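Protein chains in written order, with my numbering: chain A, 738 to 1003; chain B, 656 to 882. Just so it is clear, CB atoms sit at the ideal spot from N, CA and C, and this is done for glycine as well. Quick caveat: nothing in here was measured; it's all calculated off a predicted structure. Below: one structure, written as structure tokens.
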Amino acid sequence: MVARVITITSGKGGVGKSTTTANLGVALARLDKKVVLIDADIGLRNLDVIMGLENRIVYDIVDIVEGRSKLRQAMIKHKQFPDLYLIPAAQTKDKTAVSPEDMIQICNKLREEFDYILVDSPAGIERGFRNAVAPADDVLIVTNPEVSAVRDADRIIGLLEAVNKGPGRLILNRLKIEMVKRGEMLSADDVTDILAIPILGIVPEDELVVPASNNGIPVTLNENSKAGVAFTNIARRITGEKVPLMNLEENKSFFQRIARLFGQRN
Amino acid sequence: MPDDILSIKGINDGLLISLSATEKWELITKELAARLDEKAAFFAGAKVTVNVGERPVPKYELSSLKALLERRSLSLAVVMSDSTTTLASATALDVRTRTTSKAAADIDDDTMAIDPEEAGTSGVMIRRTLRSGRIVHSRGHVVVYGDVNPGAQIIAAGDIIVWGKLRGTVHAGAEGDTSAVVCALDMSPNQLRIAGHITTSPSDKRRAVKPEVACVRDNQIVVEAWG
């Protein structure tokens, strides 16, 4: 078994990197993959909260790097999925406590035992980003359908290309189809027009995400959540399965569909 | 008597600099540099024809003269001389030549032999999309085969040509050349500057995508369909 290291990054903060990492981790684990999540956001850790594992932390990634803990000791096993682990970030240090070489070493030690290593990158383009990207085999860029997030994603893609990790694949998070229809939000086409990289998945806006994250139960475990289904689909695409992009148009009547067949706009 | 050593004259398409054929080369170049620096802003950007008369100028001397001019934003366009050494040096440096038997006043004379070789001007070619945060600087022209995304920047002393979507910030004629142009297949730059002029794209989203050219006319930037 040789794991693929997948780094989830975005440039801009608050677009859903940690939510995406947690959900893809859980979704891959449900597909019977062995997965370890690494929170590279040292000083601002929160992947543990979204995973519902905050109260189990004893050691963190800085403890591993500085030799206070063995790799195994810092790996927290998920409550529900025995093949899903989390290596939490330290909350007290900053990004300089870990180097890109440390990240590569840690990932290399884990590669033998896992199918996927997901690295949750911090926002920004500085040391924390470089730490997260250093070990990556694949990079997923999370962005929202808004101009500032797309601008930052573009910058990130440029930086990835500069270190031969690019261009990466795109996850378009928090798309509101109604707003796109009213012309108030960028569409998936608008975003790919600028970024010109392949889309791995589109995640619709979903009110179930926030309470799920607050409760430490990633939303992909909720079968009623459209966002959850989208994350599951992305996980399946990561494993190589061909899954078509979800139809985000809802409640279309039979007649509307017929009308569409005949090329009318509705 | 500086005028014995060299003279600088304006001619139709630039400057004619005549250098004494007998004075010491070091002295001449030193005096030339001083004279150019006196009116640096006035001279900047000009194409220069240098007349050295019968003096044989070796390649290294001509090359340092060319560099001296280029440091002052002048380009050495033509070397005039009767010396075969000088003419060979100029040819080696890819500079056009003329013999002085045609007097300086005849420079634009129709009777002059027509050189089929287009001299052209230099620049850089970028064969990829410039993403946000990338910057290109050039003392010449810039050609991009790809898009220029918002947040990317191009600064060129010459022209800027984008074979793709132009959505970033561009500055053509950045050293003051108001004849510089910007062309793009899809022209919607964040901000477009030519020499000292500046403009932004209209925020009209429903515009037709077509190749356009921006240039300065009557002291303002105008954008029109290309071709």
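* For S755 (chain A), name the three-state secondary structure that DSSP assigns. => helix
* **Residues near G788 (chain B) in its chain [Cβ-Cβ closer than 8 angstroms; skip 5 each side]** => G806 and A807
* Asked: Helix, strand or coil for T824 (chain B) per DSSP?
  -> When DSSP states are grouped into helix, strand and coil, T824 (chain B) belongs to the strand group.
* Residues that R789 (chain B) contacts on chain A, provided the C-beta gap is smaller than 8 angstroms -> Those are G895, listed as they occur along chain A.
* the segment 782–806 of chain B: positions lying closer than 7 angstroms to chain E by Cβ -> Within the model displayed, chain E is absent; protein chains A and B are what it includes.
* For a contact meaning CB atoms closer than 8 angstroms, what does I743 (chain A) contact in chain B? -> Result: empty, since nearest Cβ-Cβ is about 21 angstroms, beyond 8 angstroms.
* Would you say I931 (chain A) faces chain B, with C-beta separation under 8 angstroms as the test? -> yes
* To do: Mind listing the chain B neighbours of L892 (chain A)? Cutoff is C-beta to C-beta under 7 angstroms, in chain order.
  => The residue you asked about is not Leu; residue 892 (chain A) is Arg in the sequence shown. Chain B residues near R892 (chain A): R786, S787, G788 and G806.
* Name the one or two DSSP bridge partners that G938 (chain A) has. => Its beta-bridge partners are A:I908.
* Say whether chain B places a C-beta atom closer than 8 angstroms to the C-beta of R782 (chain A). => no
* **7 angstroms Cβ shell around V876 (chain A) - same chain, five flanking residues per side excluded** => T744, T746, V870, L897, K902 and G905
* Local conformation of R862 (chain B) per DSSP, three classes -> coil
* By Cβ distance below 7 angstroms, which residues in the same chain neighbour R793 (chain A) in space, the five residues on each side in sequence not counted? -> I813.
* **Separation of F818 (chain A) from K770 (chain A), as counted between CA atoms** => 10 angstroms
* Assuming H796 (chain B) and T776 (chain B) make a contact with CB atoms under 8 angstroms, what is their CB distance in whole Å? -> Confirmed, about 7 angstroms.
* To do: Counting only runs of 4+ residues fully inside the segment 864–911 of chain A, write out the alpha helix (DSSP H) ranges in chain order.
  => 864–870 and 884–899
* Range of the contiguous beta strand (DSSP E) that encloses L780 (chain B) -> One detail in the question is off: residue 780 (chain B) reads as Met in this sequence, not Leu. In the DSSP annotation of this structure, the continuous segment of the beta strand (DSSP E) that includes M780 (chain B) starts and ends at G778 to I781.
* Are the C-beta of R973 (chain A) and some C-beta of chain B separated by less than 8 angstroms? -> No, because no Cβ of chain B sits closer than 8 angstroms to the Cβ of R973 (chain A).
* **Cross-chain neighbours of R888 (chain A) in chain B, by beta carbon under 7 angstroms** => Here the neighbours are S787, P805 and G806.
* By Cβ distance below 8 angstroms, which residues in the same chain neighbour D832 (chain B) in space, the five residues on each side in sequence not counted? -> G700, A812, G813 and A850
* Asked: At which residues does the alpha helix (DSSP H) containing R690 (chain B) begin and terminate?
  -> W680 to E693
* **Buried versus exposed, by CB contacts within 10 Å (16 or more), V739 (chain A)** => exposed
* To do: Grab me the residues of V946 (chain A)'s own chain with a C-beta within less than 6 angstroms of its C-beta, minus the 5 sequence neighbours each way, in chain order.
  => Within the same chain, V956 and A964 come within 6 angstroms of V946 (chain A) by CB-CB distance, once the 5 residues on both sides are set aside.
* Alpha carbon to alpha carbon, how far is P872 (chain A) from D797 (chain A)? Give it in angstroms, no decimals. => 18 angstroms
* Would you say the segment 732–746 of chain B touches the segment 708–723 of chain B, given that touching needs at least three Cβ pairs under 8 angstroms? -> yes
* Would you grab the beta carbon distance between I931 (chain A) and D889 (chain A) for me? Rounded to a whole angstrom, and I think it's under 8 angstroms. => Not quite, the Cβ-Cβ distance comes to about 12 angstroms (not below 8 angstroms), so this is no contact.
* Asked: If we count the other Cβ atoms within 10 Å of its Cβ and call it buried at 16 or more, is K865 (chain B) buried or exposed?
  -> Exposed, because fewer than 16 other Cβ atoms sit within 10 Å of the Cβ of K865 (chain B).
* To do: Run through the segment 785–852 of chain A for me and flag every whole beta strand (DSSP E) of 3 or more residues, listed as ranges in chain order.
  => 821–824
* **Classification of S755 (chain A) by the beta-carbon crowding that lies within 10 angstroms, buried from 16 upward** => Counting the other Cβ atoms within 10 Å of the Cβ of S755 (chain A) gives 16 or more, which makes it buried.
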